[in-house]
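From first to last, the protein sequence lines are chains P and D. Counted from 1, the first sequence has number 212 at position 169 by the working numbering; the numbering is strictly sequential. Counted from 1, the second sequence has number 48 at position 5 by the working numbering; the numbering is strictly sequential. Idealized CB from N, CA, C, for every residue including glycine.
Protein chains: 2
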Amino acid sequence: MKIALDAMGGDFAPQAAVDGAVLAAAKLAGKAQIVLIGQEEAVRPLLQQHGAAAASLELVHATQIIEMGEHPAKAYQQKQDSSIAVGYRMLHAGEVEAFCSAGNTGAMLVGAMFSVKPVSGVLRPAIANFTPKLAGGYGILLDVGANAECKPEMLEQFGELGSLYAQYVLGIARPKVGLMSLGEEEGKGTTVTQAAHQLLKVNPHIHFIGNIEGRDLFNDKADVVICDGYTGNVLLKMAESIYEILDAKQMHDPFFDKFNYEAIGGSPILGINDNAIIGHGVSTPLAICNMLLQGYQMAESGIADQIKSTFKS
Amino acid sequence: MKIALDAMGGDFAPQAAVDGAVLAAAKLAGKAQIVLIGQEEAVRPLLQQHGAAAASLELVHATQIIEMGEHPAKAYQQKQDSSIAVGYRMLHAGEVEAFCSAGNTGAMLVGAMFSVKPVSGVLRPAIANFTPKLAGGYGILLDVGANAECKPEMLEQFGELGSLYAQYVLGIARPKVGLMSLGEEEGKGTTVTQAAHQLLKVNPHIHFIGNIEGRDLFNDKADVVICDGYTGNVLLKMAESIYEILDAKQMHDPFFDKFNYEAIGGSPILGINDNAIIGHGVSTPLAICNMLLQGYQMAESGIADQIKSTFKS
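Here it is, written out as structure tokens:
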């Protein structure tokens, strides 16, 4: 099995990308091979510095880079030999089983939509993130930014997508799905969440437990929390800032340390035909390594096929 | 000056209400008098237990109670001698200059809308809350639940209402107003926030600094943060849960301790003709006391008149 990494993506690329890939290669030895995609002249010397530890890594040359500030769709179209475009081409061709990048988020979404494409039947793919649970482990929160506005049918599908991820990747037997709202009562929420509630409660593929509130993100009420991408993005960034403040104050604790984005390393795009993960722009080697391990877990679990067969029926 | 308190509102009423009122009376001695509104037979004995400390408190008898689970509009209409209805009548008649309650939030909103009424020109009043700032002091976040869905014009007005509160009650000279979004760029956000952005940036009454993100809630980018009531409510409840988790882990710190709802005690309803504050259902005596002090500060600042004169023009 091969897991690809955009060696040019992220504020500290290619150094952090190469270092993270070497860390991941050690952990995945015998199970998967890491493929770095990027400018050979920049990446090769960094690999050589790692000596034997980097021997198992493959390097695929890509001449162009999509910068962080570039217009995603335009850059993706114009830079067909960028590391992101090459990565998606390899993913679509089945040459690698997951593609990870800490580069331009918008370009990663564009590639997901136009290269590997949404699964037939999925209205709109979503970006998922992970919320640490007080009782241990993680829950899943989606969407966190792919779709600022959502129709009720999209929120319903996010419940299915999140539930499949929780089941097949996180190993949660019968994931509880909750809809983020301002009150537990069925009638609480916006017109969109109220309509989504009605769809979710009769959906046979999921175990819907009803509305949850902002206070329930870290408790055991729900394993999968559904919201629109605007709300999810605001929540995610607020949680990240809480971790940064705690860290600056040297207030450490095993639960709150899991708020650190490095612990998970990336956010999968769910509802597309292959496994793609978007990393944080400031990704460190540890974050890159964990993103690659997540890519391996997704590929190993067959989550993309599970999603395809669910939405086909 | 008189500040009224619903003695029957909150999970621990009337005990917590009376105890909190006695605390506040000591702090407001010579400046304002506390008026308790509730069932005399339940409240009088509790006041007597406080002896001389409760001597300055006034008690106004109200025979009925709106319970926490009751339908707000129906209960408000049917229970005209409830502590909430009597409180709003006294507020509207000018017999008291602020009314505070930790009781049924919906009934408090109904009373605000139908008794003291929105200020002429205000589309929809909002509930405000306070976010601690790393550099000290508080910022203001609105709406946190009065309006799950908002039109761009409502968000624009929330910017004006929050700005006036920050200026006249919090004492911030030229409050910076930020619009919650998923990115700083003008084009990021939902169709509603994008349209609100265009209105806010040409509004002459406020100092609009543009979009902010979830990570900016606690830094100095904005003193006033605008969002719809669904998003604000989810954020507020998540922040409260963070405090509860830190508290349970005995991780205390002056900044994070300000996440404790007790430190502020209540959420003002902004955009109505008088000063009304809604407290948390679980309000302790400390929370009740701080809600009353906030009521005094609002009355003292003349914030309601400032809002009226701004929206008249």
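Review point. Excluding five sequence neighbours on each side, which residues of the same chain lie with their C-beta closer than 7 Å to the C-beta of Val139 of chain P?
Key: In the first sequence, counting from the first residue as 1, residue 139 of chain P sits at position 96. The beta carbon of Val139 of chain P sits closer than 7 Å to the beta carbons of Lys45, Ile46, Ala47, Val78, Met133 from its chain, once the five residues preceding and following it are set aside; these are given in chain order.
Practice item. Say whether the stretch 204-220 of chain P touches the stretch 183-196 of chain P, bearing in mind that this needs 3 or more beta-carbon pairs closer than 8 Å, one atom from each stretch. Key: The stretch 204-220 of chain P vs the stretch 183-196 of chain P: in contact.
Check your understanding: Considering only the beta carbon of each residue, do Val212 of chain P and Ile269 of chain P sit closer than 8 Å?
Key -> As a position in the first sequence, residue 212 of chain P is number 169, starting the count at 1. As a position in the first sequence, residue 269 of chain P is number 226, starting the count at 1. Here Val212 of chain P is not near Ile269 of chain P, since their CB atoms are 8 Å or more apart.
Review point. By how many angstroms is the C-alpha of Phe261 of chain P removed from the C-alpha of Gln349 of chain P?
Key: Here the question's residue 349 of chain P lines up with position 306 in the first sequence. Here the question's residue 261 of chain P lines up with position 218 in the first sequence. If you take the alpha carbons of Gln349 of chain P and Phe261 of chain P, they lie about 27 Å apart.
Practice item. Enumerate, from N- to C-terminal direction, the unbroken alpha helix (DSSP H) stretches of 4 or more residues contained entirely within the stretch 111-137 of chain P. Key: For the stretch 111-137 of chain P, whole alpha helix (DSSP H) runs of length 4 or above, ordered along the chain, are 115-121, 126-135.
Check your understanding: Is it the case that the Cβ atoms of Ile321 of chain P and Ala64 of chain P are separated by a distance below 8 Å?
Key -> Taking the first residue of the first sequence as position 1, residue 321 of chain P is located at position 278. Taking the first residue of the first sequence as position 1, residue 64 of chain P is located at position 21. No, these two residues do not count as a Cβ contact at 8 Å.
Exercise for review: Rounded to whole angstroms, what's the CA-CA distance from Gly314 of chain P to Ala342 of chain P? Just pull it up for me.
Suggested key: One-based indexing of the first sequence puts residue 314 of chain P at position 271. One-based indexing of the first sequence puts residue 342 of chain P at position 299. Looking at the two C-alpha atoms, the distance is approximately 14 Å.
Practice item. State yes or no: is the beta carbon of Ala191 of chain P nearer than 8 Å to at least one beta carbon in chain D? Key: Taking the first sequence and counting its residues from 1, one reaches residue 191 of chain P at position 148. When Cβ-Cβ separations below 8 Å define contact, Ala191 of chain P makes contact with chain D.
Practice item. Could you pull out every unbroken beta strand (DSSP E) segment of at least 3 residues lying fully inside the stretch 159-218 of chain P, listed in chain order? Key: The stretch 159-218 of chain P contains these whole beta strand (DSSP E) runs: 169-175, 181-185.
Check your understanding: Nearest to Phe298 of chain D by alpha carbon, out of D:Gly232, D:Ile285, D:Ala118?
Key -> Position 255 of the second sequence holds residue 298 of chain D. The option with the nearest alpha carbon to Phe298 of chain D is D:Ile285.
Exercise for review: Return yes when the Cβ of Ala50 of chain P is within less than 8 Å of the Cβ of Pro57 of chain P, no when it is not.
Suggested key: Residue mapping note: residue 57 of chain P aligns to position 14 of the first sequence, counting from 1. Residue mapping note: residue 50 of chain P aligns to position 7 of the first sequence, counting from 1. For the 8 Å CB-CB criterion, Pro57 of chain P and Ala50 of chain P form a contact.
Check your understanding: Below 8 Å, can you find three or more Cβ-Cβ pairs linking the stretch 152-168 of chain P to the stretch 121-135 of chain P?
Key -> Because the criterion of three Cβ pairs below 8 Å is met, the stretch 152-168 of chain P and the stretch 121-135 of chain P touch.
Check your understanding: What beta strand (DSSP E) runs, 3 residues minimum, are completely inside the stretch 62-105 of chain P?
Key -> Segments of the beta strand (DSSP E) lying fully in the stretch 62-105 of chain P: 76-81, 101-104.
**Study point:** Buried or exposed (CB count within 10 angstroms, at least 16 for buried), Leu177 of chain P
**Key:** As a first step, residue 177 of chain P must be located in the first sequence, where it is residue number 134. By the 10 Å Cβ count, Leu177 of chain P comes out exposed.
Practice item. Return the chain-ordered ranges of every alpha helix (DSSP H) run that is complete within the stretch 309-346 of chain D and spans a minimum of 4 residues. Key: Complete alpha helix (DSSP H) runs here, min 4: 328-344.
Exercise for review: Could you check what DSSP says for Lys45 of chain P in three-state terms: helix, strand or coil?
Suggested key: Position 2 of the first sequence, counting from 1, holds the residue named residue 45 of chain P. DSSP places Lys45 of chain P in strand when its eight states are reduced to three.
Check your understanding: Asp296 of chain P touches chain D at which residues, Cβ-Cβ below 8 Å?
Key -> Stepping through the first sequence from its first residue, residue 296 of chain P is reached at position 253. Per Cβ cutoff of 8 Å: Lys292, Met294.
Practice item. Taking all protein chains shown into account, decide if Val325 of chain P is buried (16 or more other Cβ within 10 angstroms of its Cβ) or exposed. Key: Stepping through the first sequence from its first residue, residue 325 of chain P is reached at position 282. Val325 of chain P comes out exposed.
Exercise for review: Check the Cβ-Cβ distances between Tyr304 of chain P and every residue of chain D, and say whether any is below 8 Å.
Suggested key: Taking the first residue of the first sequence as position 1, residue 304 of chain P is located at position 261. For Tyr304 of chain P, no CB of chain D lies under 8 Å from its own CB, so it is not counted at the interface with that chain.
Review point. Residues in its own chain within less than 7 Å of Leu166 of chain D by CB, not counting five upstream and five downstream?
Key: Numbered from its first residue, the second sequence carries residue 166 of chain D at position 123. Take Leu166 of chain D, set aside five residues on each side of it, and the residues of its chain with a beta-carbon closer than 7 Å to its own are Glu196, Met197, Gln200, in chain order.
Check your understanding: Using 8 Å as the limit for Cβ to Cβ distance, is Glu283 of chain P near chain D?
Key -> Here residue 283 of chain P is taken as the residue at index 240 of the first sequence, counted from 1. So, interface residue.
**Study point:** Uninterrupted alpha helix (DSSP H) stretches inside the stretch 216-243 of chain P (no shorter than 4 residues)
**Key:** Counting whole runs of 4 or more residues, the stretch 216-243 of chain P contains no alpha helix (DSSP H) stretch at all.
Exercise for review: Mind checking which residues open and close the alpha helix (DSSP H) that includes Asn276 of chain D?
Suggested key: As a first step, residue 276 of chain D is located in the second sequence; it is residue number 233 there, counting from the start. Asn276 of chain D -> alpha helix (DSSP H) spans 272-291.
Point to revise | Endpoints, alpha helix (DSSP H) assigned at Phe299 of chain D | key: The residue labelled residue 299 of chain D in the question sits at position 256 within the second sequence. Element bounds for Phe299 of chain D: 297-300.
Review point. Under 8 Å, do Met281 of chain P and Arg258 of chain D count as touching if we go by C-beta distance?
Key: The residue you call residue 281 of chain P lines up with position 238 of the first sequence. The residue you call residue 258 of chain D lines up with position 215 of the second sequence. It is a contact, given that the beta carbons lie within the stated cut-off.
Exercise for review: Mind checking which residues open and close the alpha helix (DSSP H) that includes Val153 of chain P?
Suggested key: Here residue 153 of chain P is taken as the residue at index 110 of the first sequence, counted from 1. 148-154 is the extent of the alpha helix (DSSP H) around Val153 of chain P.
Check your understanding: Going by the beta-carbon positions, is the gap between Ile255 of chain D and Leu225 of chain D smaller than 8 Å?
Key -> Here the question's residue 255 of chain D lines up with position 212 in the second sequence. Here the question's residue 225 of chain D lines up with position 182 in the second sequence. At a Cβ-Cβ threshold of 8 Å, Ile255 of chain D and Leu225 of chain D do not count as neighbours.
Exercise for review: List the residues that DSSP assigns as beta-bridge partners of Asn254 of chain D.
Suggested key: If you number the second sequence from 1, residue 254 of chain D lands on position 211. Within the DSSP bridge table, the entry for Asn254 of chain D names D:Leu222 as partners.
Review point. What does a CB cutoff of less than 6 Å around Thr148 of chain P pick up in its chain, not counting 5 residues either side in sequence?
Key: By one-based count along the first sequence, residue 148 of chain P stands at place 105. If we look at Thr148 of chain P and ignore the five residues flanking it on each side, its Cβ neighbours are Ile321.
Practice item. Output, in sequence order along the chain, the residues in the stretch 202-236 of chain P whose CB is closer than 9 Å to any CB in chain D. Key: Among the residues of the stretch 202-236 of chain P, those with a Cβ less than 9 Å away from any Cβ of chain D are Met223, Ser224, Leu225, Gly226, Lys231, Gly232, Thr233, Thr234, Val235, Thr236, in the order of the chain.
Point to revise | Interface partners of Gly309 of chain P on chain D, CB under 8 Å | key: In the first sequence, the residue the question calls residue 309 of chain P occupies position 266. Listed along chain D is no residue with a C-beta nearer than 8 Å to that of Gly309 of chain P; the closest approach is about 18 Å.
Point to revise | Beta-carbon contacts of Gly130 of chain P that lie in its chain and below 6 Å, excluding the five residues immediately before and after | key: Reading the first sequence from its first residue, position 87 is the one you call residue 130 of chain P. Residues of the same chain with a CB within less than 6 Å of the CB of Gly130 of chain P, apart from the 5 flanking positions on each side, are Ala47, Asp49, Ile80, Phe142 in chain order.
Exercise for review: Could you check what DSSP says for Phe157 of chain P in three-state terms: helix, strand or coil?
Suggested key: Walking along the first sequence from the start, residue 157 of chain P turns up at place 114. In the three-state reduction of the DSSP assignment, Phe157 of chain P falls in the helix class, which pools H, G and I.
Practice item. Could you pull out every residue in the same chain whose Cβ sits closer than 7 Å to the Cβ of Gln340 of chain P, ignoring the five residues on either side in sequence? Key: For the purposes of this step, residue 340 of chain P is identified with residue 297 of the first sequence, where counting begins at 1. Excluding sequence neighbours, Gln340 of chain P sits near Val212.
Check your understanding: Going by alpha carbons, who is nearest to Phe302 of chain P out of P:Phe251, P:Asn318, P:Leu278, P:Asp317?
Key -> Sequence index remark: in the first sequence, residue 302 of chain P carries index 259 (1-based). Nearest option by C-alpha distance: P:Leu278.
Exercise for review: Identify which residue in D:Glu287, D:Ala291, D:His295 has its Cα closest to the Cα of Leu289 of chain P.
Suggested key: Translated into positions along the first sequence, residue 289 of chain P becomes position 246. Cα-wise, what sits closest to Leu289 of chain P is D:His295.
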